[in-house]
Amino acid sequence: MQRPIIAGVDGSSDSLIAAGWAAGEARRHGAPLVLLHGHVPQAGFYRVLAGDIEHERRAARQLLDDALAWVREHFEDVEVSAELVVKPEAELLVERGRNARMIVLGSRRPGPVTGFFLGSVGLRVLSRAACPVVMIRGGSAGRRPRDGEIVAGVPREEEAEAVLDFAFRAAAARGVPLRAARAWSLPTMFTHEPELSRRANEHGGLEEVHRHDLANLLAPWRERHPQVTVVEHVEPSPTAEMLVSLAASAQLLVVGRRAEPRSRYVGHVAHATLHFADAPIALIPHPLDAAADG
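Heads up: the sequence shown begins at 1 in full-length UniProt numbering, then just goes up one per residue.
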């Protein structure tokens with residue numbers, strides 16, 4: 001049975017854009033799409049007498065039905081359903097994400113004053129979800145070039161598998177190139193590694209070592225997805241700065257995240273790309289984090 005793609009719906013235009021992006025993914029992968037809305041009535045004696053709780057429930061149902069109708073109108077070939085659940089939104093999405101292909105959420109672009117503007121729901125889902133979470137900012141999805149590449153920030157070997165799996169599948173489904181990117185910097189007196197220095201002498205420099213390591217990581221994935229054109233990108237730069245720059249012309253930016261237990265922090269690279277990158281961003285949990293959450 002195909003794992004569903006989940007889109008969080010809250011009635012905003014941003015969440016409708018996210019639902020449309022999720023529907024496109026469902027079509028590409030032949031997966032069902034589920035529109036979810038978590039609703040918790042604001043209980044109170046006088047509110048019950050006034051019928052406000054029932055009014056809230058009807059309004060929540062209506063916004064979900066409107067989103068469902070919109071998706072069905074624009075994506076007739078996608079199997080889509082909608083669920084209204086009495087549960088906090090973040091808790092609901094994290095729970096359903098354990099058996100989902102991915103979660104797709106909408107978020108307004110952060111500005112210089114508001115900063116990391118994802119809201120408490122987005123942050124809680126990003127840091128706790130066991131599946132990939134894709135953040136769509138209003139407007140960013142529609143401006144993507146149809147033939148734009150997928151960009152993946154390739155982390156160290158032990159954390160790269162989940163990122164590369166998602167990125168290669170995304171590139172294969174779209175029929176576009178994948179740019180596998182890795183940044184490097186000169187070691188300091190505190191980060192000096194004798195083994196790295198030895199390898200740099202053997203390969204002709206630090207950049208060649210990183211190119212060699214990246215090529216080795218990509219080799220098995222190239223065999224599994226021979227139809228995907230891969231561009232290896234190695235650059236002496238801070239990782240977040242490099243990925244933000246590459247995202248400008250990408251369809252999708254794929255980044256790993258390693259959350260700290262019981263924390264909403266998703267890592268400095270993920271944080272920076274969410275804040276500044278002008279593209280839909282897929283945050284891929286480390287397998288150990290996914291296991292711990294489950």
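Where is the CB? At the ideal position from N, CA and C, for every residue including glycine.
Computed from a predicted structure; not experimentally measured.
TODO: State the DSSP-derived secondary structure class of P155, mapped to helix, strand or coil.
DONE: Start at 1 with the first residue of the sequence shown, and residue 155 comes out as number 155. The answer is coil: DSSP assigns P155 none of H, G, I, E or B.
Task: Helix, strand or coil at P220 according to DSSP, with G and I counted as helix - done: Counted from its first residue, the sequence shown places residue 220 at position 220. Reduced to three states, the DSSP call for P220 is helix.
Task: Inter-residue Cα distance where the pair is G294 and I281 - done: Along the sequence shown, one-based indexing puts residue 294 at 294. Along the sequence shown, one-based indexing puts residue 281 at 281. Confidence at G294 is low in this model, with a pLDDT of 47, below 50, so the placement of that residue is unreliable and no value is reported for it.
TODO: Below 8 Å CB to CB, which residues in the same chain sit around A250 once its five sequence neighbours on both sides are set aside?
DONE: Counting from one through the sequence shown, the residue named residue 250 turns up at place 250. R144, G148, E149, I150, V151, R179 and A279, listed in sequence order.
Open item on the list: Three Cβ pairs or more, each shorter than 8 Å: is that satisfied between the segment 209-227 and the segment 125-136?
Closed with: no
- [ ] Give me the Cα-Cα distance between T188 and E207, rounded to the nearest whole angstrom.
- [x] Position 188 of the sequence shown, counted from the start, is the residue given in the question as residue 188. Position 207 of the sequence shown, counted from the start, is the residue given in the question as residue 207. Low confidence applies here, because T188 scores a pLDDT of 49, under 50, leaving its location unreliable; read the following figure in that light. The straight-line gap from Cα to Cα measures roughly 16 Å.
Open item on the list: In the DSSP output, what is L283 paired with across the bridge?
Closed with: Numbered from 1 along the sequence shown, position 283 holds the residue referred to as residue 283. L283 pairs with V133 and V255.
Task: Cβ shell of R258 (< 6 Å), same chain only, five flanking positions each side left out - done: Taking the sequence shown and counting its residues from 1, one reaches residue 258 at position 258. Same-chain partners within the cutoff: G267 and H286.
- [ ] Helix, strand or coil for A248, going by three-state DSSP, please let me know.
- [x] In the sequence shown, residue 248 corresponds to position 248, counting from 1. If DSSP states are grouped into helix, strand and coil, A248 belongs with coil.
Task: Spatially closest choice to N99 from E232, V71 and V133, by CA coordinates - done: Counting from one through the sequence shown, the residue named residue 99 turns up at place 99. The shortest Cα separation from N99 among E232, V71 and V133 belongs to V133.
TODO: Would you list the one or two residues that DSSP bridges to W184?
DONE: Residue mapping note: residue 184 aligns to position 184 of the sequence shown, counting from 1. Residue pairing of W184 in beta bridges, as defined by DSSP: P236.
Open item on the list: With DSSP as the reference, identify every bridge partner of R179, one or two as the case may be.
Closed with: On the sequence shown, residue 179 is found 179 positions in, with the first residue counted as 1. V151 and V231.
Open item on the list: Our contact map puts A181 next to L243 with C-beta atoms below 8 Å; I'd like the distance itself, whole angstroms only.
Closed with: Start at 1 with the first residue of the sequence shown, and residue 181 comes out as number 181. Start at 1 with the first residue of the sequence shown, and residue 243 comes out as number 243. A181 to L243, Cβ: 7 Å. Contact.
Open item on the list: Using 8 Å for Cβ pairs, my map puts G122 next to M135. What's the rounded Cβ distance?
Closed with: Sequence index remark: in the sequence shown, residue 122 carries index 122 (1-based). Sequence index remark: in the sequence shown, residue 135 carries index 135 (1-based). Right, the Cβ-Cβ distance comes to about 7 Å (below 8 Å), so this counts as a contact.
Open item on the list: So, with DSSP's three-state summary, where would you put A82?
Closed with: Start at 1 with the first residue of the sequence shown, and residue 82 comes out as number 82. Note: A82 maps to strand in three-state DSSP.
- [ ] Flag this pair as touching only if the segment 51-70 and the segment 87-102 have three or more C-beta atom pairs under 8 Å; answer yes or no.
- [x] no
TODO: Quick one: measure Cβ to Cβ for N68 and A59, integer angstroms, because I've assumed they're closer than 8 Å.
DONE: By 1-based counting over the sequence shown, the position of residue 68 is 68. By 1-based counting over the sequence shown, the position of residue 59 is 59. Residue 68 is actually Leu in this sequence, not Asn. L68 to A59, Cβ: 15 Å. No contact.
- [ ] Identify, in the order they occur along the chain, each residue of the same chain with its Cβ nearer than 8 Å to the Cβ of L80, setting aside the five sequence neighbours on each side.
- [x] Taking the first residue of the sequence shown as position 1, residue 80 is located at position 80. The residue you asked about is not Leu; residue 80 is Val in the sequence shown. Taken in chain order, the residues that qualify are A23, A26, P32, L33, V34, L35, L68, V71 and R72.
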